[in-house]
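Encoded as structure tokens, the structure appears first; notes follow it.
Residue numbers (the working numbering): 8 to 288.
Structure representation (structure tokens):
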């Protein structure tokens, strides 16, 4: 009888066939790239791309190969939000139950991005607006360019700034006052503001953006991957905790990481004055 492993339920995603965007992976499958590829409209989302992205991020917890994900856009822009004629116009004709189903679906994309064990890096060039700005906000890292323009445009179409978790996520990222202004006015946040306020991890020349995102993704993928997933889990869970629960949760998380081979290998490499090789277990 073959010995069973908890990894047996996992599968490679390197050859995943995307239908509504581009999907590619590095040779070893560790770094995956999602490219929104409707450049003629600044890469807007549709009902189908929302659903596929939601399902993909939900299923990535079963990936045996992918350790980091980069999401970016084609043609010098990131994402202009929901397609005006393929989403906005149909929404004006829907019933309340249908509208709620849609808004829950868009929110589920944010939730699955946050729940995915892989660090997610948004490489944001050009225009990043509406739902596109929420996809960027749901990522774990955001890299921009000096030309990047980010806007939460919901009020421009008569909607609340409370969309896909914006009123919870954005204040935690840039502060309550700044988030209030952006969400109520719908004005553009400049790249410099985004960097100074902590929205962007870094700004790079447009020509270097994707290479820098890939470099960061590779560094994370080759690092202590299990520990990275634990860090992401703690960052999500501790929002709703008091200090007692925070410290105890981190004590448990760190003890778990100390039981991994990566921890032992890192010590042995340090003692031998060598670079550690992490295997994610």
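Every residue gets a Cβ at the ideal spot worked out from N, C-alpha and C, and that includes glycine.
Residue range of the alpha helix (DSSP H) that includes residue i
| i | result |
| --- | --- |
| residue 26 | Here residue 26 belongs to no alpha helix (DSSP H), and DSSP marks it neither H nor E. |
| residue 117 | 103-122 |
| residue 227 | 216-228 |
| residue 272 | 268-278 |
| residue 263 | 250-265 |
Cβ neighbours of residue i in the same chain (closer than 6 Å, five flanking residues each side left out)
| i | result |
| --- | --- |
| residue 234 | 264 |
| residue 75 | 38, 125, 126, 224, 227, 228 |
| residue 43 | 28, 50, 80, 86 |
| residue 161 | 168, 170 |
| residue 253 | 245 |
| residue 140 | 157, 159 |
Straight-line gap, residue i to residue j (C-alpha atoms, nearest Å)
| i | j | result |
| --- | --- | --- |
| residue 45 | residue 239 | 30 Å |
| residue 8 | residue 67 | Bear in mind that a pLDDT of 47 at residue 8, under 50, signals an unreliable position, so the number given afterwards is only what the model happens to contain. Residue 8 and residue 67: Cα-Cα distance of roughly 29 Å. |
| residue 280 | residue 33 | 29 Å |
| residue 61 | residue 273 | 35 Å |
| residue 258 | residue 18 | 31 Å |
| residue 114 | residue 193 | 19 Å |
| residue 285 | residue 221 | 19 Å |
| residue 105 | residue 111 | 10 Å |
| residue 217 | residue 241 | 28 Å |
| residue 47 | residue 83 | 10 Å |
| residue 277 | residue 123 | 31 Å |
| residue 268 | residue 256 | 21 Å |
| residue 275 | residue 237 | 22 Å |
| residue 206 | residue 182 | 10 Å |
Own chain partners of residue i with C-beta closer than 8 Å, once the 5 adjacent residues on each side are dropped
| i | result |
| --- | --- |
| residue 16 | 69 |
| residue 14 | 71 |
| residue 95 | 89, 164 |
| residue 59 | 25, 26, 27, 28 |
| residue 202 | 151, 209, 210 |
Beta strand (DSSP E) segment containing residue i, residue limits
| i | result |
| --- | --- |
| residue 189 | Residue 189 -> not in any beta strand (DSSP E); alpha helix (DSSP H) instead, spanning 183-192. |
| residue 129 | 127-131 |
| residue 233 | It is not in any beta strand (DSSP E) - residue 233 instead sits in the alpha helix (DSSP H) that spans 232-244. |
| residue 136 | 134-136 |
| residue 158 | 156-158 |
Beta-ladder partner(s) of residue i, from DSSP
| i | result |
| --- | --- |
| residue 180 | Paired residues: none, contrary to the question. |
| residue 366 | Not covered by the structure: residue 366. The range shown for the chain is 8 to 288. |
| residue 148 | 128 |
| residue 60 | According to DSSP, which records beta bridges pairwise, residue 60 is partnered with nothing at all. |
| residue 52 | 89 |
| residue 18 | 70 |
Other residues of its chain near residue i: CB distance less than 7 Å, five sequence neighbours each side excluded
| i | result |
| --- | --- |
| residue 153 | 198, 210 |
| residue 208 | 148, 149, 150 |
| residue 121 | 145, 243 |
| residue 178 | 186 |
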